[in-house]
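Just add 1443 to the spot in the sequence shown (first one is 1) and you have our numbering.
All C-beta atoms, glycine included, are put in the ideal place defined by N, C-alpha and C.
These numbers were taken from a predicted model, which means no experiment stands behind them.
Working notes for the structure below.
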Amino acid sequence: MRQNPLVTAAQLDKIGLNWIWNFGFLRPQELGLLLWPKSTHSTKNAERIARKWLADGLILRRTLPKHAGTVLVLSKAGAEFLSYEFGIDAKSGKDIGEMTAGVWSPPKTWRHDILAAGVLALMRRDGHTIYPEQKLRRENPNKLVPDGIALKIKDGTPYAVWIEIESARKTGKHMDTMCKSLIAAASGTSVKLSGITCTQAAVAYDPAQTDERGYELDHHQRVINALRKFARSDFPVHFLELKKTGVGITGYTLKTGVIEADAVTRAAARMIWSTHTSDSGEQEHCTYAHMPGFPEFCYTRKDDAWVLRLIPADEYEDAEKILRFGTLKALKRYAAKLDLGLIKLTPRVA
């Protein structure tokens, strides 16, 4: 078990046991990835240190159903070790799940929780600082929290991702709540959690999952459809397509796309463009708008782009704005967002 010589055994115990505390429970697979993110023997290393912790009475080992392996939770002694030695106000995990006649039943969300741990561990390996759900719940009582937050600083700017694991067929208010949270995160208006305001949104899902009837669950499209319904404007969202092995994951494929809000789609469809020839001989398509300062929009095709002209009101005669787009669809959606007041442009008085 190779480790950084600057990391003492006590520090490794602190780091590893604190990860278990922050997640609630962990399998050796996810614990190993958190402690040795670059090692090909991370699981074996975790199993080895777990045997030491068991011998020292610092953890309890629980067996998952359906031959899914084991998880580790903090014992009373492990919680006291973190508290006395490092000032971490930890509690024992012995009451996680239920014990009946010597048989442990994990929380109903155990599969979901293992997926969340895997996603966060992989994102940490890729350079993010991670905040698991259990840690967020403790630090932000009575607030809605995601399944995790991943924070990265790039060029001095922090990027915090609100992460949801879609591992069940959410419907009704549960889907509504998730969608509203993702939209708020993507717009930077989500509630501050542990001092962090998320500015991006991500949904992780298993592309091969089926429901209780054996039908394939298309989480990707279901979430897109739900987000379109609630979104007031278009916004980007990340999708993490998980690569599963058993109940855990070994990786993910990142897909980033733009959610096209139904409200914008309807507004774009309602805009009626009339065609006429401009003074310069170009064919233009124009429509009246409801935007203060720019009561008329006109577009035409020029070279390799679509060009949108915002025609100013009389008092702003020199304030015409010219915008270029790669596709006509993008132009019309932008015009619809302007007309809905989702994008604010202030004309400059001549």
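Where the beta strand (DSSP E) through residue i begins and ends
i     : result
H1662 : Taken as a continuous stretch (DSSP letters only), H1662 belongs to no beta strand (DSSP E), being part of the alpha helix (DSSP H) at H1662 to F1673.
Y1398 : It is not possible to answer for residue 1398, since the shown part of the chain is limited to 1444 through 1793.
Residue i - DSSP class collapsed to helix/strand/coil
i     : result
I1754 : strand
T1552 : coil
A1593 : strand
M1444 : Legend: pLDDT at M1444 = 49, less than 50; position of this residue unreliable, value from coordinates given subsequently. Note: M1444 maps to coil in three-state DSSP.
G1689 : coil
L1579 : helix
F1468 : coil
K1780 : helix
S1526 : helix
I1463 : helix
L1476 : helix
I1639 : strand
G1536 : coil
Q1458 : The residue you asked about is not Gln; residue 1458 is Ile in the sequence shown. Three-state DSSP puts I1458 in a helix.
K1772 : helix
K1481 : coil
L1519 : The identity of residue 1519 in the sequence shown is Lys, whereas the question assumes Leu. In the structure shown, K1519 sits in a helix (DSSP, three-state: H, G or I).
A1762 : coil
A1453 : helix
Beta-bridge partners of residue i, as assigned by DSSP
i     : result
R1767 : V1750
Y1602 : K1595
M1542 : W1547
M1734 : F1737
V1701 : P1679
G1561 : Beta-bridge pairing links G1561 to no other residue.
H1571 : DSSP, once it has assigned bridges, lists no residue as partnering H1571.
E1727 : H1719
T1513 : T1506
G1694 : K1686
V1646 : E1607 and F1682
Continuous alpha helix (DSSP H) stretch holding residue i: start and end
i     : result
V1707 : D1705 to R1713
I1626 : G1615 to A1629
S1485 : S1485 to A1498
Residue i classed as buried or exposed, judged by whether at least 16 other C-beta atoms fall within 10 angstroms
i     : result
H1719 : exposed
L1515 : buried
H1571 : buried
H1662 : buried
W1716 : exposed
I1502 : buried
K1495 : exposed
D1677 : buried
G1615 : exposed
A1628 : buried
Q1472 : buried
Y1777 : buried
Y1648 : buried
A1593 : buried
M1734 : buried
L1697 : exposed
T1789 : exposed
S1633 : buried
P1550 : exposed
V1666 : buried
P1803 : Absent from the structure is residue 1803, since the part of the chain shown begins at 1444 and ends at 1793.
R1554 : buried
D1782 : buried
Supposed close pair residue i, residue j - CB separation, criterion 8 Å
i     : j     : result
F1768 : L1751 : 7 Å
G1591 : E1576 : 6 Å
R1675 : A1706 : 6 Å
V1646 : E1703 : Going by Cβ atoms, the distance from V1646 to E1703 rounds to 16 Å, so no, they are not a contact pair.
L1562 : I1463 : What sits at residue 1562 in the sequence shown is Val, not Leu. Not confirmed; about 17 Å, so no contact.
G1700 : V1680 : 7 Å
E1684 : P1650 : 5 Å
N1488 : L1478 : 7 Å
A1564 : V1690 : With 8 Å as the limit, A1564 and V1690 do not qualify as a contact, their Cβ atoms being about 14 Å apart.
E1806 : A1732 : No information on residue 1806 is available, as it lies outside the stretch 1444 to 1793 that the chain covers here.
heavy atom of the ligand SAM below 7 Å from residue i C-beta
i     : result
R1505 : Within the structure as shown, the ligand SAM is missing, as the structure has no ligands at all.
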